[in-house]
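**Student:**
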Amino acid sequence: MGSCGNEESGDEEVPFHRGADRVRAQAGRAGNQCHVRRFSYEAKARDRSAIRLRMREITQTRIHYGCERVLVMLRREGWRDNPKQVHQIYKEQGLSLRHCRPQRSRSRRRRQPIKVAIAPNMLWGRDFVSDAFFGGRRFRLLPVLDHFTHECPDIVVDQSLRADDVAAAVARLVVQRGKPEAIKVDNRSGFAGKVMDRWEYENGVELDFSPRGTPTDNAMVESFNGRLRQECLNAHWFLSLADARSKIEAWRKFYSEQRSHRALAWKTPAAFAR
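Residue numbers (full-length UniProt numbering): 1 to 274.
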């Protein structure tokens, strides 16, 4: 009973073993050992602005480096900050976002203003179209459209079109017409793979990817593909690959050289280009 009375009255002293009391006790003992007065002890945070700046420089020039690789580079350069501190700075600076491997989908990038062509051969548009032979077997088409003149300089027709075929077709057209500044495409695998990524890098031509689910972002090519299907694909039976190539090439020449366009003041694309 006596002990309960002491607990109720609050006379029993509670030992300090956690929180701020524990920290003060440790600081006091350390001060006594180092002959430093307790009231004069003050912890000071180390200035880490230099290492923050260096880590940002590393990640800007090596965008795929994770925290461990950054730490290795810092060690080679003579920095002695421990891994936990480096990881904390890495997260605070938002650099951990670079650790995730980005998809080739350009829709994940910050959207830029829609490009507008102001001269011939400045901006091309490409997109896949599919159809079937008379026997039911599928084939694919890959037209290219000049956004300024509305010309269609090429339509690739084949039973299948892989990324290698797409890159080869673009390279052939570049030899004929010269390089555009950019090519507007969607996020399909034929455009968004490593093959076209390498071609883009080696030739200095930007691939302007439309966000997923936004066909209006490439509205001119979508409109052209609608005309292609209405005036050519739906108007013919295709008996073979050679037959399809012949009929589609004839329509392509008609579209560029004879078909007038309201957007071009009722001129043909070929006449407008001259």
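In this text, a Cβ means the ideal position worked out from N, Cα and C, and glycines have one as well.
As the structure is a prediction and not an experimental result, all values here were calculated from the model.
With three or more C-beta pairs closer than 8 Å as the rule, is the region 252-268 touching the region 147-159?
**Tutor:** Because the criterion of three Cβ pairs below 8 Å is met, the region 147-159 and the region 252-268 touch.
**Student:** Have a look at residue 77 and residue 51 and give me their C-alpha separation to the nearest angstrom.
**Tutor:** Their Cα atoms are separated by approximately 11 Å.
**Student:** Put residue 101 into one of helix, strand or coil per three-state DSSP.
**Tutor:** Because the pLDDT at residue 101 is just 48, under 50, the model does not fix this residue reliably, and the point stays unresolved.
**Student:** Mapping the DSSP letters down to three states, classify residue 124 as helix, strand or coil.
**Tutor:** Correct three-state label for residue 124: strand.
**Student:** Going by DSSP in three states, residue 181 sits in which element: helix, strand or coil?
**Tutor:** Here residue 181 sits in coil by DSSP.
**Student:** On the DSSP letters alone, give me the boundaries of the beta strand (DSSP E) that residue 130 sits inside.
**Tutor:** 129-132 is the extent of the beta strand (DSSP E) around residue 130.
**Student:** Would residue 352 pass as a contact of residue 134 if the rule is Cβ separation under 7 Å?
**Tutor:** This structure cannot speak to residue 352, because the chain is shown only from 1 to 274.
**Student:** Mapping DSSP to helix, strand and coil, what is residue 147?
**Tutor:** If DSSP states are grouped into helix, strand and coil, residue 147 belongs with coil.
**Student:** Using the C-alpha atoms, what's the distance from residue 218 back to residue 228?
**Tutor:** Taking the straight line from one Cα to the other gives about 16 Å.
**Student:** Which same chain residues end up closer than 8 Å to residue 225 when comparing Cβ atoms and leaving out the 5 residues on each side of it in sequence?
**Tutor:** Excluding positions up to five away in sequence, the list reads 127, 129, 143.
**Student:** Terminal residues of the continuous beta strand (DSSP E) containing residue 95?
**Tutor:** Note, residue 95: premise wrong, no beta strand (DSSP E); not H, not E.
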